[in-house]
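Colleague: Residue numbers (my numbering), protein chains in the order written: chain A, 1 to 425; chain B, 426 to 897. We put the CB at the ideal spot given by N, CA and C, even for glycine. Quick caveat, the model's predicted, so the values are computed rather than measured. Following this message is one structure expressed as structure tokens.
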């Protein structure tokens with residue numbers, strides 16, 4: 001494996017007195033800058049009953065303008081800049097991102113500060129936007145993977161907001177138009193500097209970027225709200241669910257295990273990341289057996305996505321031969337058990353570490369990619385150093401660490417299995 | 426083989442190697458041959474190495490090797506770290522020049538292609554289903570007329586030998602453009618040029634890409650399948666492509682109408698921002714691969730024949746007729762009036778600056794260089810900026826009047842209860858909408874004008890099919 005830090009770029013990090021964190025990363029690509037505004041609120045913050053999907057809905061409302069920049073003017077300005085601008089909401093964060101010519105950095109930061117400080121929209125616009133969210137749900141509903149995620153979360157979790165997807169439960173989305181007052185409350189709680197990190201990456205001068213941030217964002221008032229996120233009780237038995245898909249599809253099987261909250265001070269999360277690749281990626285033995293040799297499976301992969309609170313380690317297979325669905329599930333469960341039973345050969349583990357390092361570094365090929373790669377880590381720990389910390393844990397992880405972690409987390413009692421199969425119409 | 430090195434000091438090597446062939450060159454009855462040939466090279470073994478051995482090489486190096494097959498281009502893409510540049514380029518040369526043609530690889534990849542048509546398009550992605558159906562309608566009887574992955578019947582009948590024949594005839598040395606960027610770019614260019622001399626020197630004469638067969642009558646295809654919403658795609662062929670004198674004018678007009686995944690377009694504003702009808706509506710004058718997954722177009726899908734395309738993301742069934750009428754009204758308004766001066770300036774400026782962003786990543790930059798050779802434009806962003814600089818609002822008005830007033834348009838719908846929607850459209854039934862909140866008077870006034878807007882389609886041209894019948 002190559003030497004060097006996984007995140008190879010120098011950066012400046014500074015907290016304004018209101019709590020807003022500003023991170024400036026000068027990059028070698030000329031003329032372009034990416035601005036990522038990372039708000040530490042996502043669907044994890046939807047703690048009240050009936051409010052699932054609200055963080056995502058609120059992301060939509062952030063494009064509904066201010067007195068100074070009504071939506072038409074905001075759009076026109078972005079267009080003049082030639083900017084590529086969008087946003088996304090995840091479990092633990094909401095991210096607003098724009099890539100543009102670096103010479104336009106100041107007007108963009110000014111306009112973005114204006115909407116974070118002075119957002120204002122009518123109830124009529126709020127109600128209309130709720131329908132666009134329903135439209136988004138409608139497009140997602142045609143994808144089996146979306147339904148699988150929905151069912152998996154609902155089955156695996158009892159009380160934690162990870163029980164629902166970022167889109168939210170359909171019943172809550174349908175009620176969104178009635179929640180105007182709550183939306184104002186939501187904005188007041190979470191769209192505050194102490195929950196937000198401003199990441200500016202690209203052809204920039206860091207001190208200048210920090211000065212611009214101070215000038216335009218310095219007057220943002222700090223808030224005080226902390227969500228009371230319910231703790232998920234331990235799972236004490238296998239859970240199973242089945243989805244019937246009324247259109248043509250290939251069957252899917254998802255095997256998920258409860259997993260710990262993100263942590264880069266110990267080996268657990270790093271070990272689960274390594275297992276996800278060692279066990280279920282193109283570099284794994286199981287992939288070779290199921291996809292290439294037996295050809296029972298079209299795609300096989302595992303996700304261990306970092307989360308603020310304990311979430312899931314998820315293995316998914318898209319099965320080519322419907323009659324093999326049960327065998328594929330068994331093969332995945334056997335593989336999980338094998339990780340707990342026997343240490344992986346050292347050289348195999350080294351190959352996985354090498355893969356992680358090189359694929360991360362190769363992804364850093366422009367300002368936008370660097371900012372996008374940092375955003376999840378900043379969402380967790382508010383610093384790019386998080387990348388180097390977790391890569392240090394990868395480097396340290398031993399075969400024995402993987403066994404210990406697998407023994408702890410890959411038990412049938414904390415497993416949830418969801419299948420999706422086509423049914424005759 | 427044209428070989429274009431773009432060396433720089435980066436830690437990565439990027440390679441794009443495009444063969445100027447694709448599904449338009451599939452022999453009749455062997456639709457899918459180009460797809461399978463490309464995939465056998467990229468996702469199968471070589472004579473010396475099995476596919477598993479290839480994965481053993483790629484995985485620990487974090488290297489990525491992939492293939493896309495389009496109508497007139499098959500693109501192989503390699504990205505790896507400079508630590509492994511030479512051995513990765515050697516591997517790519519071996520994969521392209523000395524394939525293994527193993528039956529087990531063929532069966533696996535043919536099944537994948539079949540599943541793409543039979544499961545993914547028919548049952549898992551209504552929006553792409555409607556888009557593919559639209560292209561099938563516009564290009565019926567044309568070399569572009571089938572999905573790049575082929576047809577279900579032809580794939581089932583395909584033998585490994587047919588794929589080898591396609592490879593031998595089409596993947597020729599003089600038929601390839603190679604672009605390498607980053608670390609060791611010159612070395613990679615030289616190595617690939619030398620190693621691939623084993624390819625046949627010349628490709629057979631391909632099927633070519635004549636203009637789309639014109640049609641006098643509007644056509645509609647209603648694809649019945651279970652769904653919560655209705656996905657709609659509509660379009661018609663246009664002669665304008667990159668390099669054409671009207672390209673910049675038409676691009677400006679269509680960007681203002683519906684720039685991909687941006688909220689500035691008129692369609693987005695009208696359907697979503699003011700009315701909440703769906704998640705978004707966009708317009709194109711070039712094929713955009715996988716628009717539901719990408720914010721930017723992946724290069725190396727260059728085509729000599731393009732269509733104007735409207736992409737209306739899923740709409741509730743009760744509002745589908747109205748949404749379609751509204752989108753068509755926006756198109757008609759643009760075709761009649763062109764752009765207002767400030768909208769023209771804004772959009773022109775957007776395109777000139779945005780084109781630079783599209784080429785920021787090294788691999789995308791290489792892809793655009795290859796596309797620029799295909800279209801004969803010189804560097805695309807440079808060419809486009811020149812064209813835009815010389816453009817006037819009057820040029821745009823002339824271009825939209827010439828190109829966006831089709832005699833006939835094709836429509837594809839995917840969703841449930843399609844018979845009812847079909848009947849409503851055939852009857853030109855009114856399609857009033859109601860809202861969950863008061864809307865401005867101008868919106869309601871516009872709704873009243875749009876809700877009865879006729880869409881004329883001969884009954885015989887409004888066909889109803891089940892999703893399971895598609896791509897046969």
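1) What residues match up with residue 427/B in a beta bridge as DSSP calls it?
2) Could you list the residues in the segment 766–782 of chain B with a C-beta less than 9 Å from some C-beta on chain A, going in chain order?
3) Thinking C-alpha only, which one of 838/B, 846/B, 671/B is nearest residue 824/B?
4) State the DSSP-derived secondary structure class of residue 368/B, mapped to helix, strand or coil.
5) Between the Cα of residue 26/A and the Cα atoms of 216/A, 204/A, 331/A, which residue gives the shortest distance?
6) When the cut-off is 7 Å and only beta carbons count, does residue 27/A lie next to chain B?
7) Should residue 256/A be flagged as near chain B, meaning a C-beta pair shorter than 7 Å?
8) Quick check on residue 709/B: does DSSP put it in helix, strand or coil?
9) For residue 129/A, does the count of other Cβ atoms within 10 angstroms reach 16, so buried, or fall short, so exposed?
10) Under three-state DSSP, which class holds residue 541/B?
11) What are the residues in the segment 80–106 of chain A lying within 9 Å of chain B by C-beta distance?
12) Taking 7 Å as the threshold (C-beta atoms), are residue 274/A and residue 400/A in contact?
13) Roughly how many whole angstroms lie between the Cα atoms of residue 227/A and residue 48/A?
14) Might you give, ordered along the chain, the residues of its own chain that have their beta carbon closer than 8 Å to the beta carbon of residue 325/A, omitting 5 neighbours on each side?
15) Within 7 Å (strictly less), CB to CB, does residue 331/A reach chain B?
16) Mind pulling the chain B residues with CB within less than 7 Å of residue 282/A?
17) Classify residue 701/B: buried if its beta carbon has 16 or more other beta carbons within 10 angstroms, exposed otherwise.
18) Verify whether the separation of the beta carbon atoms of residue 580/B and residue 680/B is less than 7 Å.
19) Does any residue of chain A bring its CB to less than 7 Å from the CB of residue 704/B?
20) Using three-state DSSP, classify residue 645/B as helix, strand or coil.
21) Indicate the three-state DSSP secondary structure (helix, strand or coil) for residue 229/A in the structure shown.
22) Please go through the same chain and pick out, in chain order, the residues whose beta-carbon is closer than 6 Å to the beta-carbon of residue 829/B, but skip the five residues on each side of it.
23) Taking 7 Å as the threshold (beta carbon to beta carbon), is residue 154/A in contact with chain B?
24) Whole-angstrom Cβ separation of residue 388/A and residue 24/A, contact assumed at under 8 Å?
25) Using only alpha-carbon positions, find the residue among 8/A, 99/A, 353/A, 241/A that is nearest to residue 784/B.
26) Given that residue 967/B touches chain A, what residues does it touch there, using C-beta distances under 7 Å?
27) Indicate whether at least one CB of chain B lies closer than 7 Å to the CB of residue 362/A.
28) Using the beta-carbon of each residue, which ones in chain A are nearer than 7 Å to residue 538/B?
29) Quick check: is the beta carbon of residue 53/A nearer than 7 Å to any beta carbon in chain B?
30) Under a CB-based cut-off of 7 Å, is residue 112/A close to chain B?
31) Pick from 467/B, 540/B, 482/B: whose alpha carbon is nearest that of residue 520/B?
32) Which bits of chain A does residue 504/B rub up against, with CB to CB less than 7 Å?
33) Can you give, in chain order, each stretch of the alpha helix (DSSP H) that sits fully within the segment 490–528 of chain B and has at least 4 residues?
34) From the DSSP secondary-structure annotation, give me the bridge partner or partners of residue 88/A.
35) Rounded to whole angstroms, how far is the Cβ of residue 216/A from the Cβ of residue 113/A, which I believe are closer than 8 Å?
36) Which residue spans inside the segment 31–71 of chain A form an unbroken beta strand (DSSP E) run of at least 3?
Modeller: Well, looking at it:
1) 602/B
2) 767, 768, 770, 771, 772, 774, 775, 776, 777, 778, 779, 780, 781, 782
3) 671/B
4) Residue 368/B lies beyond the residue range present for chain B, which begins at 426 and ends at 897; the question has no answer from this structure.
5) 204/A
6) no
7) no
8) strand
9) buried
10) helix
11) 80, 81, 82, 83, 84, 85, 86, 99, 100, 101, 104
12) no
13) 10 Å
14) 251, 253, 319, 419, 421
15) no
16) 480, 484
17) buried
18) no
19) yes
20) strand
21) coil
22) 760
23) no
24) Contact flag wrong, Cβ pair sits at about 17 Å.
25) 99/A
26) With chain B represented from 426 up to 897, any question about residue 967/B goes unanswered, as that position is not in the structure.
27) yes
28) Simply none; closest approach about 11 Å.
29) no
30) no
31) 467/B
32) 362
33) 510–522
34) 95/A
35) 4 Å
36) 32–39
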